[in-house]
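Asker: Chains as they are written, first to last, in the numbering used here: chain A, 46 to 870; chain B, 50 to 209.
All C-beta atoms in this analysis are idealised placements derived from N, C-alpha and C, irrespective of residue type, glycine included.
All values derive from a computational prediction rather than experimental measurement.
Here it is: the structure, laid out below.
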Amino acid sequence: MGQQTQDLVPLSGFVFTMSEPMEATETKPSWVGRGITRVEDDPLLRGREWFIDDIDPLPHAGHAAIVRSPFAHAQIRSIDVSAALAVDGVIGVVTGAEIAAITQPFPSVLDVPIDYRPAAYECVRFAGEPVAVVVARDRYVAEDAAALVVVDYDPQPVVADPASAAEPTAIRLHAATTSNVVSDRTFRYGDPEQAFATAVLVVRRRFRHPRNSATPVETYGVIANWDESRGGVDAWANFQGPFTLHGVAAAALGIPASKLRLCTPPASGGSYGIKSAVFVYVVLMAAVSRVLGIPVRWTEDRGEHLLASSSATERLTEIAAGFDADGKLVALDLDLLDDVGAYVRAPEPATLYRMHGCLTGAYDVQNLAVRSRVVVTNRAPTGLNRGFGGPQLYYPLERTMMIAAGELGLDHAELIRRNLVRSEQMPYRAAAGAIYDSGDYLRCFDEALELADYDELLAFRDAKRAQGRLVGIGLAVVVEPSVSNMGYISLAQPAEVRARGLPKTGNSEGVSIAMGPHGGVTVRFTSTPQGQGHRTVAAQIVADALGVSLEDVDVRTEADTSANPWTVSSGNYSSRFSAVVASAIHHAATLLADRLKTLAAHELGCPPEAVVLSDGKARSSDDGERSISIRRLAGGAHWNPAGTGAVGDVGGLALTATYTIPLPEPDADDRCNTSAVYGFIADVAIVEVDAETGQVQVLRYATVHDAGRILNPLIADGQMMGGLAHGLGAALLEEHRYDEDGNLMTASFLDYLPPTATELPPVRHRAIETPSPTTPLGAKGLGEGNTMSAPACLANAVADAIGIDAVPIPLTPARVWALLQGEAE
Amino acid sequence: MNVEFAVNGRTYRRDIEDRRLLSDVLRHDLGLRGTHVGCEHGVCGACTVLVDGVASRSCLLLAVQVAGCEILTVEGLADPAGTLSPLQVAFSTHHGLQCGFCTPGILATATEALERGELTSRAAITDLLSGHLCRCTGYVGIIEAIADAAGLPPESERAL
């Protein structure tokens, strides 16, 4: 930190305006909306929770260590495992060729001839790609022996960056393909050519979004057993969904999906998207188990995680934005090139399409041209990472808006105001098909300016500039989609190809709920949380619906595909909990409440509609004096169902229900409502750049969210602040850097730098609650939030501070210092 | 090597391979799974335990190095009756944990600093936390929890 900023902000600059817990209103107290502390906390605080490396569901499992390629591209001439096998305690060594013989290539979203396996055979295509697995009685021995596996490589030329990989003359990674560009689609909405022709200003820029990763503190872990008799697999992994990948894993194992039992432990140490890709290792360990005939377990180490697990895509964007004389954005042209690494690992190229419907962001513009290309490179495969496509979109879009404001001679805030979608336009159909369900973007933006004390910031900036200091203000506005429409990924195929396949619109979640004979309630669903407090919020929803106390509700979220309700959409991604999983919980609990009301009506002699459930009792609203305890009703339903008047399943207090938000499949014109609901975020930041060191100091960060109804403000605030920390890391610190030979240069936490407590700025936060008309509780997702907006906002602030347009993220001190010396990238 | 050491007040005698990490002995030999391993190169801080009262990375210690030492892990922070320490309670109150994986190490570090009376300002807390990675919370709830346990008043924002 530069000395000159010391007087501006305290080191411990945390001021976080927590939301006020909502008061329970009406006569019936509501748990939903209250910032209650979490049921998850107690076992975590005692060290008594169960993470993947803590569980031992299959005793006597062998411990695996993976032999990985040190080359980014090489032919494998031979592998000599004899020295490894000679180590005392080694159970076996399985090579990529042996695994290839008993697996199928992973199915791909794209119809391209790329043979992707959990371990390489014949050819390695990224540094860190598995080539063999050693299994031993413990991990120490397995790692000893792994070091003794001798692989004879024939190194090949490397294509280590997307631009050169996309050149027609580039070395091809996969011989059967015609190009490293494995998907190339163009889209046109409205009349962009005409709109650009009439624009008074067209801003054209290029941007590069680097690879980065949320780096959960817990790494991947898998336990797998091949069951020869059943021809199936039992596996445990800290998987996070989407459960589309369960089917991908089963297909690679060559077994029906019903024969792959995939479970998650009760707790997972963070994921933020990254752990979706553990499915590759489920297949790898299951295949190794099949060869060796014993259960196998593997816990990834940090080096492996950084080198070879997953990351955000690198994206190269060429953007053109056309404006009329009033500063109205009239046309947008986006040329997007996503580097997905050496293989197109499912669900990629989803990063490219997750935001497709809302590529125009928060702005009212109907003329849009898009080119979306996918390129393979000699780098680790990419995948979900918090924000998933959002940061890659908003950094170019929001930078371009600020640049345009400068060229138009308008204040940036004024240009944003002129272009935001208006509340009276809701529901608003964006150019590429997203239906923004609700929101008052203008009000939200103005509240952000007010919360930031924008006028004070402007005066402060100008005063400091007069002293020669480098102070800048950044703004960003983003639409935050939540609950992905499973159909969006089919946009990677042209409409005529899509038409040959089955339509996809999935987003459903299933919930099992049961009331026991003493009135206690158990709830299960497959949202695979990794710290988001799903169990707490589910208990709040269920307690409200059934009129029972929180303590009466026991929520279990460990996945088990052989026991839990689940759908291909299940999992913890696209901020889907608050909008669709919570809806499913509410739906299931309401159905159970209806059954209780039927039972109570029989006892109280009133119609079921007249029964009210609250405080552990069922009352007749016709005659408030008459009541029966829910515990008694439950006991009757279990012990004496005949006496309850129940017929068929009416009296049963266990049920499973699935909830779906109706979404359309992409239409013939490639318009797609890519998500179910859409929130909004407006950010304001002020930074100071140290001219001597290039250090960026964030002096104040203000953000206003509208994510619909907030189900638990304490948890929502935690998500918001966590998302902001990821966005700040992406803006200022984090990048997976590769050298020209495809070696990862950031392969430890000494080189890859997530933010620590000292890097976090003072934050002002406010939540506006515009209930979504789409979801029964009015909630939208908010888990990705400022991960999408902060890189754009902070890049804008730094550009304003140093007076340079081209500000590549992450804005590390070295990079900013080079920019100040006039060294453009 | 034969070593004797105490963990959470219980004495253990074990014949331990010289190279075996303290983190692995705690987790896999003694079953004290609350000590988490996040990086195995001493950066993330998740594996931090107190060795004779001093916060130490158990992934950077060989178990044989703690012969004769008293170790306190997250499992030993609650009192014998099972009541959580004020610091543990404050973590829940202020939402200082989400996935909870990094939490045991932070609790160990903060417990030592609180006992030493070092946490007289939020700056001291922030500085203390710079040796730990948390990817969920953005650290805000953690700082507030420790500040609460240290008896610091809520902080108001300082002017620009």
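Decide if the region 277-288 of chain A is in contact with the region 101-111 of chain B; the criterion is three or more beta carbon pairs, one per stretch, under 8 Å apart.
Answerer: With the cut-off at 8 Å, the region 277-288 of chain A and the region 101-111 of chain B do not touch.
Asker: Name the chain A residues that come within less than 8 Å of G184 of chain B, Cβ to Cβ?
Answerer: As a first step, residue 184 of chain B must be located in the second sequence, where it is residue number 135. For the record, residue 184 of chain B in the displayed sequence is Arg; it is not Gly. Those are A259, T260, P261, V262, G315, Y317, G767, A770, H771 and P799, listed as they occur along chain A.
Asker: Do R233 of chain A and P175 of chain A have their C-beta atoms within less than 8 Å of each other?
Answerer: Here residue 233 of chain A corresponds to residue number 188 of the first sequence, with the count starting at 1. Here residue 175 of chain A corresponds to residue number 130 of the first sequence, with the count starting at 1. No; because the gap between Cβ atoms is not below 8 Å, this pair is not in contact.
Asker: Just the chain B side, please: which residues come within less than 7 Å of G82 of chain A by C-beta, in chain order?
Answerer: As a working mapping, residue 82 of chain A is identified with position 37 in the first sequence. Correcting the residue type first, residue 82 of chain A is Thr in the shown sequence and not Gly. Here the neighbours are S141 and T142.
Asker: Give the DSSP-derived three-state secondary structure of E85 of chain A in the structure shown.
Answerer: Taking the first residue of the first sequence as 1, we reach residue 85 of chain A at position 40. Under the three-state reduction of DSSP, E85 of chain A is assigned to coil, being neither helix nor strand.
Asker: Could you tell me whether the Cβ of S179 of chain B comes closer than 8 Å to any Cβ of chain A?
Answerer: Reading the second sequence from its first residue, position 130 is the one you call residue 179 of chain B. Yes, S179 of chain B lies at the interface with chain A (some Cβ there is under 8 Å from its Cβ).
Asker: Using a 10 Å radius around the Cβ and a threshold of 16 neighbouring Cβ atoms, would you call P562 of chain A buried or exposed?
Answerer: Counted from its first residue, the first sequence places residue 562 of chain A at position 517. The residue in question, P562 of chain A, is exposed, as its Cβ has fewer than 16 Cβ neighbours within 10 Å.
Asker: Cβ of C151 of chain B less than 8 Å from any chain A Cβ?
Answerer: Here residue 151 of chain B refers to the residue found at position 102 when the second sequence is read from its first residue. It does: the Cβ of C151 of chain B has a partner Cβ on chain A nearer than 8 Å.
Asker: Starting from T703 of chain A, follow its DSSP beta bridges and name the residues at the other end.
Answerer: Along the first sequence, one-based indexing puts residue 703 of chain A at 658. Looking at the DSSP assignment, T703 of chain A forms a beta bridge with A:G555.
Asker: Below 7 Å on C-beta distance, what does G763 of chain A contact in chain B?
Answerer: Counted from its first residue, the first sequence places residue 763 of chain A at position 718. Around G763 of chain A, the beta-carbon contacts reaching into chain B at under 7 Å are H144, Q147, T186 and G190.
Asker: Identify whether N51 of chain B lies in helix, strand or coil by the three-state DSSP scheme.
Answerer: As a position in the second sequence, residue 51 of chain B is number 2, starting the count at 1. If DSSP states are grouped into helix, strand and coil, N51 of chain B belongs with the strands.
Asker: Quick one: using the 10 Å Cβ neighbour count with 16 as the cut-off for buried, is P392 of chain A buried or exposed?
Answerer: Numbered from 1 along the first sequence, position 347 holds the residue referred to as residue 392 of chain A. P392 of chain A comes out buried.
Asker: Residues of chain B with CB under 7 Å from E94 of chain A, in chain order?
Answerer: Counting from one through the first sequence, the residue named residue 94 of chain A turns up at place 49. One finds G149 in chain B with Cβ atoms closer than 7 Å to the Cβ of E94 of chain A, taken in chain order.
Asker: Tell me which residue opens and which closes the alpha helix (DSSP H) that Q239 of chain A is part of.
Answerer: The sequence position of residue 239 of chain A within the first sequence is 194, counting from 1. Element bounds for Q239 of chain A: P237 to T243.
Asker: Taking CB distances under 8 Å as the criterion, tell me whether L111 of chain B reaches chain C.
Answerer: Of the protein chains in this structure, namely A and B, none is chain C.
Asker: Which residues in the same chain have their Cβ closer than 6 Å to the Cβ of E443 of chain A, if we skip the five residues on either side of it in sequence?
Answerer: Along the first sequence, read from residue 1 onward, the residue named residue 443 of chain A stands at position 398. A521 and A837.
Asker: DSSP puts L789 of chain A in a beta bridge; with which residues?
Answerer: For the purposes of this step, residue 789 of chain A is identified with residue 744 of the first sequence, where counting begins at 1. Under DSSP, L789 of chain A forms a beta bridge with A:Y783.
Asker: Answer yes or no: do A55 of chain B and A104 of chain B have a C-beta to C-beta separation smaller than 8 Å?
Answerer: Taking the second sequence and counting its residues from 1, one reaches residue 55 of chain B at position 6. Taking the second sequence and counting its residues from 1, one reaches residue 104 of chain B at position 55. In this structure, the beta-carbon distance from A55 of chain B to A104 of chain B does not fall below 8 Å.
Asker: Exposed or buried, what is M330 of chain A when buried is set at 16 or more other beta-carbons lying within 10 Å of its beta-carbon?
Answerer: Locating residue 330 of chain A in the first sequence gives position 285, where the first residue counts as 1. Classification of M330 of chain A: buried, given that the 10 Å Cβ count is 16 or more.
Asker: Taking all protein chains shown into account, decide if T122 of chain B is buried (16 or more other Cβ within 10 angstroms of its Cβ) or exposed.
Answerer: Locating residue 122 of chain B in the second sequence gives position 73, counting from the first residue. T122 of chain B should be labelled buried.
Asker: Please list, in chain order, all residues of the same chain as G661 of chain A whose beta carbon is under 8 Å from its beta carbon, the five residues on each side excluded.
Answerer: Position 616 of the first sequence, counted from the start, is the residue given in the question as residue 661 of chain A. Result list for G661 of chain A: G564, G592, V593, S594, D597, S674, I675 and R676, in chain order.
Asker: Bridge partners of V542 of chain A, per DSSP?
Answerer: The count along the first sequence starts at 1 and reaches residue 542 of chain A at position 497. None; V542 of chain A has no bridge partner.
Asker: Is P858 of chain A close to chain B? Criterion is C-beta to C-beta, closer than 8 Å.
Answerer: Position 813 of the first sequence, counting from 1, holds the residue named residue 858 of chain A. Not one chain B Cβ lies under 8 Å of P858 of chain A.
Asker: Reducing DSSP to helix, strand and coil, say where C838 of chain A ends up.
Answerer: Your numbering for residue 838 of chain A matches position 793 in the first sequence. DSSP places C838 of chain A in helix when its eight states are reduced to three.
Asker: What does Q114 of chain B reach in chain A if we use C-beta pairs closer than 8 Å?
Answerer: Walking along the second sequence from the start, residue 114 of chain B turns up at place 65. Simply none; closest approach about 17 Å.
Asker: Tell me where the alpha helix (DSSP H) around E492 of chain A begins and ends.
Answerer: For the purposes of this step, residue 492 of chain A is taken as the residue at position 447 of the first sequence. Run containing E492 of chain A: Y486 to A497, per the alpha helix (DSSP H) assignment.
Asker: Would V86 of chain B pass as a contact of I120 of chain B if the rule is Cβ separation under 8 Å?
Answerer: Along the second sequence, read from residue 1 onward, the residue named residue 86 of chain B stands at position 37. Along the second sequence, read from residue 1 onward, the residue named residue 120 of chain B stands at position 71. In this structure, I120 of chain B does not lie closer than 8 Å to V86 of chain B by Cβ.
Asker: Near G102 of chain B, what residues of its chain come up, given a Cβ to Cβ distance below 6 Å and the 5 sequence neighbours on each side ignored?
Answerer: Taking the first residue of the second sequence as 1, we reach residue 102 of chain B at position 53. So the list is empty, once near-sequence residues are dropped.
Asker: So, does the CB of A127 of chain B fall closer than 8 Å to a CB anywhere in chain A?
Answerer: One-based indexing of the second sequence puts residue 127 of chain B at position 78. Closer than 8 Å: yes.
Asker: What's the gap between the Cα of A859 of chain A and the Cα of E737 of chain A?
Answerer: Numbered from its first residue, the first sequence carries residue 859 of chain A at position 814. Numbered from its first residue, the first sequence carries residue 737 of chain A at position 692. If I take the Cα positions, the gap works out to 11 Å.
Asker: Mind checking which residues open and close the alpha helix (DSSP H) that includes Y326 of chain A?
Answerer: Reading the first sequence from its first residue, position 281 is the one you call residue 326 of chain A. Run containing Y326 of chain A: F324 to L337, per the alpha helix (DSSP H) assignment.
Asker: Hey, does A736 of chain A have any beta-carbon neighbour from chain B nearer than 8 Å?
Answerer: Residue 736 of chain A sits at position 691 when you count from the first residue of the first sequence. So no, A736 of chain A is outside the interface.
Asker: Figure out for me which residue from A:G576, A:A181, A:V852 and A:Y185 has the closest Cα to the Cα of G768 of chain A.
Answerer: Within the first sequence, the letter at position 723 stands for residue 768 of chain A. The shortest C-alpha separation from G768 of chain A is found at A:G576.
Asker: Hey, is the region 293-302 of chain A in contact with the region 231-249 of chain A, meaning 3+ C-beta pairs nearer than 8 Å?
Answerer: With the rule of 3 Cβ pairs closer than 8 Å, the region 293-302 of chain A does not count as touching the region 231-249 of chain A.
Asker: Evaluate contact between the region 264-273 of chain A and the region 357-376 of chain A, counting only Cβ atoms and requiring at least three cross-stretch pairs below 8 Å.
Answerer: no
Asker: The beta strand (DSSP E) spanning E459 of chain A covers which residue range?
Answerer: Here the question's residue 459 of chain A lines up with position 414 in the first sequence. For E459 of chain A, there is no enclosing beta strand (DSSP E); the residue is part of the alpha helix (DSSP H) that begins and ends at H457 to N464.
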